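In the working numbering, the protein residues as written are 6 to 266. Cβ coordinates follow ideal geometry from the N, Cα and C atoms, glycine included. Since this is a predicted model, take the numbers as computed values, not measurements. Take a look at the structure set out below.
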């Protein structure tokens with residue numbers, strides 16, 4: 006693919022790294038890149054072997070600076086809305102992906118780039134990273150879930166200030182506010198994210214999938230309804246082969262051999 010690089014890692018090649026590959030454009034998202042990433046996520050949803058996806062950007066200047074404004078310059082209203090529908094489809098597909106998705110951020114994560122990071126399960130950021138939803142400074146507004154995800158991450162009042170002013174924040178403040186999970190040395194974001202992904206692959210795949218579904222949906226509804234989701238998933242796992250394998254491996258003091266069933 007022209008605008009993204011794909012690489013599998015892990016003992017069983019069960020971790021997919023999706024690298025946005027337009028470093029000369031600060032990995033800005035044009036229609037081709039959006040379409041290619043969307044295609045990868047749609048196809049990967051049916052890959053039973055896959056355990057985790059990492060999204061990152063090529064180079065060390067940017068994760069992504071957002072939508073490609075040079076491509077958008079001169080677009081008709083219809084062309085703009087058509088492209089944005091692809092963006093909406095991509096971000097929802099990433100957010101609802103059945104397996105964990107982690108964003109490894111080096112440099113700028115602005116506008117749609119910040120929104121892409123926010124739809125991942127969590128973010129690992131290098132010290133040089135900068136985050137912001139700057140859309141109001143060019144006459145639009147965040148349209149990739151940022152208006153929902155940023156307040157849920159850092160609180161409504163902080164999010165309103167950032168969005169109303171187009172303010173950017175550095176990695177350390179993003180960590181303090183709860184936007185990112187860890188801040189690491191420059192150049193180490195992907196390496197640290199890979200280590201976390203490796204740990205994820207050691208856990209039972211069905212358990213991770215059920216837990217993600219329950220947390221993603223349950224945190225958006227009332228506690229008691231969310232708890233019903235928890236128990237429904239729990240009872241599915243009780244009857245799984247992996248539950249029996251996990252208990253056996255614990256008692257036999259060995260590593261479990263997961264079958265994902």
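Beta-carbon spacing of residue i, residue j below 8 Å
i           : j           : result
residue 128 : residue 186 : yes
residue 215 : residue 238 : yes
residue 9   : residue 24  : yes
residue 59  : residue 198 : yes
Opening and closing residue of the alpha helix (DSSP H) in which residue i lies
i           : result
residue 197 : 194 to 206
Sequence-distant residues of the same chain with beta carbon closer than 8 Å to residue i, five excluded per side
i          : result
residue 47 : 98
residue 92 : 34, 39, 72, 117, 148 and 149
beta-carbon residue i near the ligand MG non-hydrogen atom, thresh 7 Å
i           : result
residue 265 : The model on display carries no ligand, and the ligand MG is accordingly not part of it.
First and last residue of the uninterrupted beta strand (DSSP E) at residue i
i           : result
residue 106 : 106 to 110
residue 135 : 135 to 137
residue 232 : Element bounds for residue 232: not the beta strand (DSSP E) but the alpha helix (DSSP H), 228 to 243.
residue 115 : 113 to 115
Length of the line joining the Cα atoms of residue i and residue j
i           : j           : result
residue 247 : residue 179 : 37 Å
residue 85  : residue 52  : 32 Å
residue 158 : residue 120 : 12 Å
residue 88  : residue 145 : 15 Å
residue 210 : residue 142 : 43 Å
residue 262 : residue 115 : 41 Å
residue 252 : residue 152 : 43 Å
residue 17  : residue 139 : 40 Å
residue 163 : residue 70  : 21 Å
residue 78  : residue 90  : 17 Å
Local Cβ density within 10 Å of residue i, reported as buried at 16 or more and exposed below that
i           : result
residue 202 : buried
residue 56  : buried
residue 74  : exposed
residue 224 : exposed
Residues near residue i by beta carbon distance below 6 Å, same chain, minus five either side
i           : result
residue 173 : 135 and 137
residue 22  : 12 and 59
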